[in-house]
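Encoded as C-alpha cells, the structure appears first; notes follow it.
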Ligand code: 5RP
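Residue numbers (our numbering): 86 to 384.
Pasting the structure below:
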C-alpha cells in the first residue's frame, strides 16, 4: 500500500501557466504520431532541424563499391560524425556496433543488380525485421518515369502503410534513370508524387537551377543525395546551396567515403549543414582537418 500523499507543502497546479503545446520541428510532420516523431528526432537534429545522413547502402545493387570494400575499416571511423546511417540489414548486423545510438535508415527495397533493369525492385524487408532492428526509418527507391514506375510506387505505398501501422517513417528516394533529365522540373514531379503518396521525407538530387522550387513544392522535408564523387570544394558548395534553398540535410555517400580524407570531409559537411558555414570556409576547415590526420599518421 503506497504512503498516503500528505506532503508538507500544498499541491501546485500552476493554474496561471498555459499547458505547453510545441509544434514539431520538421516541415509537414506535425500530424504524425509520437513514435514517428521520436524516430525522426533520431535522424534530424532537433536543434538545427537538419541531418547529415551517411549513405553506405550502395552495395545492395552494385556490390563492393569503391570506398566500401571493407566497411569495418573505412566506415566505422566516420560513425561519430554521422547523425544517421543509411544502409542494408546485412551490413548493419555484420559490422555496425549495436551501441550506435543514432538513427538507422534501413534500405527496404532491392532486387536487380547493376547488370539488370534497376527499376525492377521489390520490397526487400518484412516489417517485423525492421522493428527487430529498431530502425528509425525505411528507405525505398521510387523510379518515376522508369520502366517499372508503377511497381516501385506500389512498393513505396505498401511500405508507407506498414510503416504507419508501426510508427516507422519512410524515406522515398527519387531514382533518376540514366537517360532522364536531371532538372528542377523532373525533381519537382518525382518529389511531389512520392510525398503525395505518403512518404515521411524525400531524398532527391540537387539541381543548381531552381532547387528552391523543388523544396517549396514538396510538403515534407527533402534531403539531397551526394551523387558521384566530385572535388571536395564542389561537394561542400552543393551541400551549402541545397541548405540555402531549404533542404533539411544531406544523405551523402561517395563524396564522403571516396574523399581523400573522409573524416575531414564529413566534419566539414557537418559545419555546412548544421552551422551554415560558407563553402570556402568549410573547405579550409577540411584542409586543416586533413592535415591534422596526416600528422597523426606520421607521429
Ligand atoms: C542508392 C542510394 C544511395 O544511398 C545514394 O545515392 C547514396 O549517396 P551518394 O549518391 O551520395 O553516393 O540511394 O540508390
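Glycine residues also receive a C-beta, built at the ideal position from the N, C-alpha and C atoms. Nothing here was measured: the structure is a model prediction, and the numbers come from that model.
- Judged by their CB atoms, residue 227 and residue 237 are nearer to each other than the 7 Å cut-off.
- Listed as beta-bridge partners of residue 194 by DSSP are 208.
- Check the Cα spacing between residue 252 and each of 353, 215 and 329: the tightest is with 215.
- Here residue 201 is exposed. Its C-beta has fewer than 16 other C-beta atoms within 10 Å.
- Residue 306 sits away from residue 170, with the two beta carbons spaced by 7 Å or more.
- DSSP places residue 107 outside both helix and strand once states are collapsed to three, so it counts as coil.
- At a cut-off of 6 Å, the beta-carbon of residue 168 does not count as near the ligand 5RP: no heavy atom of the ligand is closer than that.
- For residue 272, the CB stays at least 6 Å from every heavy atom of the ligand 5RP.
- Rounded to the nearest angstrom, the gap between the Cα atoms of residue 180 and residue 203 is 26 Å.
- For residue 288, the pairing in a beta bridge is given by DSSP as 258 and 308.
- The beta-carbon separation of residue 218 and residue 176, rounded to 12 Å, does not stay under the 8 Å limit for a contact.
- The beta carbon of residue 137 is closer than 8 Å to those of 166, 167, 168, 169, 334, 335, 337, 351, 354, 355, 358 and 359 in its chain, skipping five residues each way along the sequence.
- Within 6 Å of the C-beta of residue 148 there is not a single heavy atom belonging to the ligand 5RP.
- Rounded to whole angstroms, the Cβ separation of residue 241 and residue 225 is 5 Å, and the two are in contact under 8 Å.
- For residue 146, same chain residues with a beta-carbon under 8 Å away, outside a window of 5 residues either side, are 195, 197, 198, 199 and 203 in chain order.
- Sequence-distant partners of residue 185 (beyond 5 residues in either direction) whose C-beta falls short of 8 Å from its own C-beta, in its chain, are 164 and 170.
- Under the DSSP assignment, residue 335 falls outside any alpha helix (DSSP H), being part of the beta strand (DSSP E) whose first and last residues are 334-337.
- When rounded, the separation of the alpha-carbon atoms in residue 363 and residue 139 is 21 Å.
- In the three-state scheme derived from DSSP, where H, G and I count as helix and E and B as strand, residue 247 is classed as helix.
- Counting only heavy atoms of the ligand 5RP, the residues whose C-beta sits closer than 5 Å to one of them are, along the chain, 140, 142, 258, 310, 311, 312, 337, 338 and 339.
- When the Cα atoms are used, residue 162 and residue 131 turn out to be separated by approximately 24 Å.
- As DSSP reads the structure, residue 135 sits in a beta bridge with 130.
- Here residue 290 is near residue 267, since their CB atoms are less than 7 Å apart.
- Residue 259 places its beta carbon 7 Å or farther from that of residue 269.
- Taking C-beta atoms under 8 Å as the contact rule, residue 222 and residue 254 qualify, at a distance of about 4 Å.
- In the three-state scheme derived from DSSP, where H, G and I count as helix and E and B as strand, residue 164 is classed as helix.
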